[in-house]
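**Student:** To start, I am sharing the structure in question, which I have written as structure tokens.
Protein chains: 2
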Amino acid sequence: MTAEDTAAPARRGRPGYDRQQVLEVAVRLFNEQGYDATSVSDLAGELGVTKSALYHHFDSKSAILEVALDDALSGLESALDDAVRSHSDASAQLRALVRGAVGVLTARQSRVTLLLRVRGNSDVEQSALRRRREFDQRVAAIVRAAQAEGMIRADIDAAVATRLIFGMINSLVEWYRPGGPVDPDELADDVLRATFDGLQA
Amino acid sequence: MTAEDTAAPARRGRPGYDRQQVLEVAVRLFNEQGYDATSVSDLAGELGVTKSALYHHFDSKSAILEVALDDALSGLESALDDAVRSHSDASAQLRALVRGAVGVLTARQSRVTLLLRVRGNSDVEQSALRRRREFDQRVAAIVRAAQAEGMIRADIDAAVATRLIFGMINSLVEWYRPGGPVDPDELADDVLRATFDGLQA
DNA sequence: GTCTATATTAGGATAGAC
DNA sequence: GTCTATCCTAATATAGAC
Chain A
1 MTAEDTAAPA RRGRPGYDRQ QVLEVAVRLF NEQGYDATSV SDLAGELGVT
51 KSALYHHFDS KSAILEVALD DALSGLESAL DDAVRSHSDA SAQLRALVRG
101 AVGVLTARQS RVTLLLRVRG NSDVEQSALR RRREFDQRVA AIVRAAQAEG
151 MIRADIDAAV ATRLIFGMIN SLVEWYRPGG PVDPDELADD VLRATFDGLQ
201 A
Chain B
1 MTAEDTAAPA RRGRPGYDRQ QVLEVAVRLF NEQGYDATSV SDLAGELGVT
51 KSALYHHFDS KSAILEVALD DALSGLESAL DDAVRSHSDA SAQLRALVRG
101 AVGVLTARQS RVTLLLRVRG NSDVEQSALR RRREFDQRVA AIVRAAQAEG
151 MIRADIDAAV ATRLIFGMIN SLVEWYRPGG PVDPDELADD VLRATFDGLQ
201 A
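Chains A and B, in that order, are what the protein sequence lines are. 1 is the number of the first residue of the first sequence in the UniProt record's numbering; add one for each residue after it. 1 is the number of the first residue of the second sequence in the UniProt record's numbering; add one for each residue after it.
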């Protein structure tokens with residue numbers, strides 16, 4: 001209904017998954033139980049196949065994680081690039097970025113959730129962390145510039161402000177559920193209002 | 001210097017840990033690597049003792065987790081109780097709660113971090129989750145009441161507002177470090193300003 | 001309070017048939 | 001694309017001595 005882009009001829013019988021379907025279920029399980037707490041057996045059980053079948057789709061458990069993390073990072077980086085490209089002043093870029101980030105978090109919720117929980121326990125996780133730190137630094141630079149432009153109040157440290165804003169945004173993955181009662185666009189508006197105008201009446 | 005309440009006669013030689021010291025190191029490791037990714041061997045290695053030595057202090061790995069989670073939850077519950085007891089109107093209670101929660105998060109950072117990452121993979125985790133949900137519901141009720149009092153803007157859903165506020169607060173555990181450049185009290189002020197007045201100049 | 005075994009199970013991963 | 005069988009390692013936990 002929503003995403004069936006690949007030209008895959010919609011499988012029928014119980015068994016018979018493609019890479020995308022495996023990825024989908026894996027990411028969901030990783031989020032429900034945590035990556036480390038999810039065994040390949042768990043995943044196989046959830047899909048109703050054996051462990052061996054999974055190794056036909058992915059070389060390793062961490063290869064699944066790698067694909068998911070790349071997807072999340074690409075989304076966030078694109079949102080940042082778009083925001084920077086579409087606006088010349090930092091204040092407008094920041095607003096666009098907040099809206100874009102909320103968009104990515106709601107659209108790719110499960111993969112971004114995975115990204116935000118990465119601790120650096122493997123090469124895959126460490127390289128994702130590096131890439132995420134680069135993203136964070138670019139964002140911090142924009143917040144600093146927006147403060148210099150007078151958009152962000154001067155009585156708060158720009159680095160702290162950056163973390164508070166994205167702390168609020170990132171926390172969405174903990175409760176937002178696609179298809180739930182909260183509309184993604186309205187949510188973006190709420191976050192913009194909450195961060196910049198405040199929740200006080 | 002800070003917490004040496006127990007009457008333990010300050011050990012000397014390398015080996016020789018008490019429960020508190022083991023707990024301290026365990027919680028730090030759990031946060032660095034994730035609970036599931038941290039083996040009892042890792043912990044033993046970090047302490048410079050064998051695995052068996054650890055089982056002298058705690059019955060199981062999850063027993064360590066249980067103590068840490070209880071401490072975090074107790075702190076948050078106390079902050080909530082204090083806020084409710086000290087103020088009669090919801091608006092003041094909410095402000096006191098935000099300040100108190102930031103205080104608990106900064107003072108018991110490592111244990112609260114652990115709590116916020118719990119997924120419910122065991123009985124210990126599930127009972128912590130239940131207790132946390134109770135806390136969340138009490139908080140949501142206060143936010144609703146504060147909105148009814150006219151303190152919180154009416155154009156945002158109270159449940160969403162609650163999650164945004166505590167999303168920002170809880171995100172502190174991701175970057176705040178005791179003894180670092182950010183003062184806990186100033187941070188509480190910043191969070192109050194950011195959530196209620198907004199970050200806009 | 002710690003140590004040297006050791007039991008036991010589960011985990012990630014591979015070989016090769018269907 | 002999936003299966004059975006299997007390898008190998010690492011994980012939690014225990015027994016009993018020092």
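By construction, the Cβ of each residue, glycine as well, lies at the ideal position given by its N, Cα and C atoms.
(1) Is the Cβ-Cβ distance between R111 (chain B) and A72 (chain B) less than 8 angstroms?
(2) Who does I152 (chain A) pair with in a DSSP beta bridge?
(3) Q137 (chain B) touches chain A at which residues, Cβ-Cβ below 9 angstroms?
(4) I want to see whether chain A comes within less than 8 angstroms of A161 (chain B), judged by CB atoms only; does it?
(5) Can you pull the chain B residues whose beta carbon is under 8 angstroms from the beta carbon of R19 (chain A), in chain order?
(6) Which residue spans inside the stretch 119 to 179 of chain B form an unbroken alpha helix (DSSP H) run of at least 4?
(7) Closer than 9 angstroms, Cβ to any Cβ of chain A: which residues of the stretch 164 to 175 of chain B, in chain order?
(8) Should Q93 (chain B) go down as buried or exposed, given a rule of 16 or more other Cβ atoms within 10 Å for buried?
(9) Look at the Cβ atom of A159 (chain B), then the Cβ atom of A140 (chain B), and state whether they are nearer than 8 angstroms.
(10) Tell me the DSSP secondary structure of Y55 (chain A) in three-state form.
(11) So, are the CB atoms of L114 (chain A) and V27 (chain A) less than 8 angstroms apart?
(12) Alpha carbon to alpha carbon, how far is A188 (chain A) from A44 (chain B)? Give it in angstroms, no decimals.
(13) Between Q200 (chain A) and chain B, is any beta-carbon pair separated by less than 8 angstroms?
(14) Residues of the stretch 71 to 97 of chain B with a CB closer than 7 angstroms to any CB of chain A: list them in chain order, please.
(15) In angstroms, rounded to a whole number, what distance separates the CA positions of G75 (chain A) and N170 (chain B)?
(16) Just verifying my parser: in three-state terms, what is the DSSP assignment at P184 (chain A)?
(17) Determine the extent of the alpha helix (DSSP H) in which G75 (chain A) is found, giving its start and end residues.
(18) In whole angstroms, what is the alpha-carbon distance linking V124 (chain A) and E66 (chain A)?
(19) Round the Cβ separation of L199 (chain A) and F196 (chain B) to the nearest angstrom and send it over; I've been treating them as touching at under 8 angstroms.
(20) Report back the beta-carbon spacing between I156 (chain B) and R193 (chain A) to the nearest angstrom; my notes put them in contact at under 8 angstroms.
(21) Let me confirm a value: K61 (chain B) is counted as buried when at least 16 other C-beta atoms fall within 10 Å, else exposed. Which label applies?
(22) Under the rule that 16 or more other beta-carbon atoms within 10 Å means buried, what is A177 (chain A), buried or exposed?
(23) Rounding to the nearest angstrom, what Cα-Cα distance links T6 (chain A) and L69 (chain A) in this structure?
(24) Would you kindly report the start and end of the unbroken alpha helix (DSSP H) that includes R108 (chain A)?
(25) Which residues of chain B have a Cβ atom closer than 9 angstroms to the Cβ of G34 (chain A), listed in chain order?
(26) If you count every other CB in all the chains shown that lies within 10 Å of the CB of Q109 (chain A), and 16 or more means buried, which is it?
(27) Please name the residues in the stretch 146 to 158 of chain B whose beta-carbon is closer than 7 angstroms to at least one beta-carbon of chain A, in chain order.
(28) Answer with buried or exposed for R163 (chain B), where buried requires no fewer than 16 other C-beta atoms within 10 angstroms of its C-beta.
(29) Is the distance from the Cβ of L172 (chain A) to the Cβ of L105 (chain A) below 8 angstroms?
(30) How should A148 (chain A) be labelled, buried or exposed, when 16 other C-beta atoms within 10 angstroms of its C-beta is the threshold for buried?
(31) Can you list the residues of chain B that F58 (chain A) reaches, using a CB-CB cut of under 7 angstroms?
(32) Work out the CA separation of S78 (chain B) and V102 (chain B) for me, nearest whole Å.
(33) Nearest by alpha-carbon distance to S52 (chain A): which of A:R133, A:Y17, A:D36 and A:G34 is it?
(34) Given a threshold of 16 other Cβ atoms within 10 Å of its Cβ, counted over all protein chains shown, does D59 (chain A) qualify as buried or as exposed?
(35) Give the range of the alpha helix (DSSP H) segment to which A194 (chain B) is assigned.
**Tutor:** In brief:
(1) yes
(2) B:Q200
(3) Correct list: empty, because the minimum Cβ distance to chain A is about 13 angstroms.
(4) yes
(5) Chain B residues near R19 (chain A): none, gap ~26 angstroms exceeds 8 angstroms.
(6) 123 to 148 and 158 to 170
(7) L164, I165, F166, G167, M168, I169, N170, S171, L172, E174 and W175
(8) buried
(9) yes
(10) helix
(11) yes
(12) 46 angstroms
(13) yes
(14) none
(15) 24 angstroms
(16) helix
(17) K61 to S86
(18) 6 angstroms
(19) 6 angstroms
(20) 7 angstroms
(21) buried
(22) Note that residue 177 (chain A) corresponds to Arg in the displayed sequence, not to Ala. R177 (chain A) comes out exposed.
(23) Unreliable positioning characterises T6 (chain A) in this predicted model, as indicated by a pLDDT of 41, which lies under 50. A coordinate reading is not provided.
(24) Careful: R108 (chain A) lies outside any alpha helix (DSSP H) and carries neither H nor E.
(25) G34, Y35, D36, A37, R117, R119 and N121
(26) buried
(27) G150, M151, I152, R153, A154 and I156
(28) buried
(29) yes
(30) exposed
(31) Simply none; closest approach about 20 angstroms.
(32) 13 angstroms
(33) A:Y17
(34) exposed
(35) A194 (chain B) -> no alpha helix (DSSP H), and no H or E assigned at all.
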